[in-house]
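Read the structure below first, then the notes.
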Amino acid sequence: MVEQLEKNYQYNLKVFKAYLPDIYKLLKKNQDNSYSIEIESSDINIAIDGELLYPKNTQNYFNNLINHYILKGNKSLLKYQIGVLLNNDSVECFGVETIHKKYMLKITKAYIKTYKKYPIINEDILPKHNNFYSAIIYGIGLGYHILPLVEKFNIRHLYIVDRSIEMLRVSLYTTNWYEIIKYFKKDNYSLNISIDKNGNSKELSKKILTNIYVKQHLAYYNMGEFISYKDDILLDIQTNINNNISNYNGTFKGFFDDEKWGLQHTINSLKSDIPILTNNSIQVDKNKFVFVIGNGPSLDSYIKIIKKYRDNAMVVASGTAINSLYSYGVVPDIYVAIERTIDMFSDVTENLPKEYTDKITFIGMNTLHPRLFAQFKKKFMFLKSQDTGTDFINNERYRILNYSNPTVTNGALSLIISLGFKNICLFGMDFGYKDRKNHHSKNSIYLDKSHKYSKLEFKDEIEVEGVD
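Going by our numbering, the sequence shown opens with residue 435, and the numbers climb by one from there.
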């Protein structure tokens, strides 16, 4: 048995070297001898400082663990949803009563009734409810549980978390890691292994949440969690993730309200005869250069270039970038906005002088508040794809823009591409910042101490490698 375990270990090292080289480098560092494999008869266990991690007969322990989760189904989903929806008041989140909470509660209560009426283990009735789009496994240990859980619940995106690289190391003796990695090599699948290297469970939790937010933004709505052994460090990580995951995902966002407001604004704009952009609304020189401008801090670095070539290019301002351009004395040809709320008017464009806005063609998303359209002399409304208001209009001759969100620069770029321009330059599209105090252009309303937007706190939520 010892010889076979050693073969497994060497084989798995080669697997990690080939597929997960960063983890391989960690495994090749000095080994912590306080972790060891213990063998008694045919039973394999893990010892940490001489204390066995699992009860005797570990294979039976893992069989019971797997069966427990099969019977439990995805009740962890209910735990997330009910806990958030019943313990948080939407008035506190939004300042107004939203219908989002009302309908999410209805959905959750209906979900509970379904569980009571049809037990999740009856796969003939509700076969899809035993699937997890994403899942977190707390604890690698011997690893016997990983592949069976992944296959049983059809997990697409898996996060494996453990307290030490040594817990991964011992699994190399007992687990076929190639089979696990091969499962996740398919398109739109992912495997993430997170190790608490520095004893900072809070920091590790934050990195996992960031990973989920960036790669699987809506994973929260169907995420399972599995715990393979009891451990204080893993418990801290699990608690941090459960307490903060709603802040990284859409639970508080008010999707029902977004659609309601968007439809209401679309209808009001139609009543006000705001022209809808068609394929023939704007005649353009497709070979002309276009400057699409966002409001990131790098805008300040490029404003001289923008001014120098301004007369030879079409300038498109996105969202709050219009205030920065106004401060710099640049008049854009086109202004693009997408936000639903009246704040775009009251906080962004209301104080721009009429002689300035009269020179600009405003092209806004159909979901915008009508007062924003009313401020501009020349304006068009473009239709957002997959939107209730767009479906309400339902006319194929109008221009529907794909990929026009989540940021206004997405909308501006989608518009310019759809109009047929070929030569496009992007300015101020940072989507981040090196310094929390310099998160937008210095001429932005975000950095104007007299403006309420300057009171917003910008945090280090998602850390990525910078681009020079």
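Idealized CB from N, CA, C, for every residue including glycine. Since the structure is predicted, the reported quantities are computational estimates derived from the model, not experimental observations.
Local conformation of residue i per DSSP, three classes
i      : result
ASN857 : strand
ASP477 : strand
ASN626 : strand
ASP777 : helix
SER635 : helix
GLY866 : coil
ILE710 : strand
ASP670 : helix
THR754 : coil
MET435 : coil
ASP734 : helix
HIS502 : helix
Inter-residue spacing [alpha-carbon to alpha-carbon] between residue i and residue j
i      : j      : result
ASP692 : ILE594 : 35 Å
ARG831 : ILE701 : 18 Å
ASN521 : ILE671 : Residue confidence is low: ASN521 scores 41 on pLDDT, short of 50, so the model does not pin down where it sits. Its coordinate-derived value is still stated next. Their backbone Cα atoms lie some 21 Å apart in a straight line.
ASN622 : LEU447 : 25 Å
ARG603 : GLU437 : 17 Å
HIS502 : GLU899 : 41 Å
LEU733 : MET748 : 16 Å
VAL750 : LYS889 : 27 Å
SER852 : THR841 : 17 Å
LYS636 : LYS812 : 52 Å
TYR474 : TYR537 : Reading off the sequence, residue 474 comes out as Glu, not Tyr. Distance between the alpha carbons of GLU474 and TYR537 is about 56 Å.
THR492 : ILE500 : 12 Å
Neighbourhood of residue i by C-beta distance below 7 Å, restricted to the same chain and skipping five residues each side
i      : result
ILE834 : LEU817, SER819, THR824
MET863 : GLY728, GLY730, THR843
LYS406 : A question about residue 406 goes unanswered here, because the residues of the chain that appear run from 435 up to 902.
Residues of its chain near residue i, where Cβ-Cβ distance is below 8 Å and the 5 sequence neighbours each way are ignored
i      : result
ILE675 : ILE570, SER639, ILE642, LEU643
HIS803 : HIS699, ARG774, THR775, ILE776, MET778, PHE779
CYS859 : PHE723, VAL724, PHE725, VAL726, ALA747
ASP483 : SER468
ASN380 : Because residue 380 is not part of the residues shown, which for the chain are 435 to 902, the question remains open.
Same chain only: Cβ atoms within 6 Å of residue i, ignoring 5 sequence neighbours per side
i      : result
SER662 : GLY573, GLY575, HIS579
ILE599 : LEU460, ILE629
PHE892 : ARG870, HIS873
PRO709 : PHE814
LEU625 : LEU592, PHE618
Contact check, residue i vs residue j, beta carbons under 7 Å
i      : j      : result
PHE814 : ILE797 : yes
TYR725 : PHE861 : The question names Tyr, but residue 725 in the sequence shown is Phe. Yes.
ILE615 : TYR445 : no
TYR769 : ILE794 : yes
SER715 : SER878 : no
LEU711 : THR822 : no
ILE478 : LEU487 : no
LYS856 : LYS720 : yes
ASN839 : ILE772 : yes
GLY658 : THR609 : no
TYR443 : TYR607 : yes
PHE689 : ILE533 : no
Whole-Å CB distance - residue i paired with residue j, under 8 Å assumed
i      : j      : result
SER703 : PHE807 : 6 Å
VAL718 : GLY854 : 7 Å
TYR760 : TYR736 : Not quite, the Cβ-Cβ distance comes to about 17 Å (not below 8 Å), so this is no contact.
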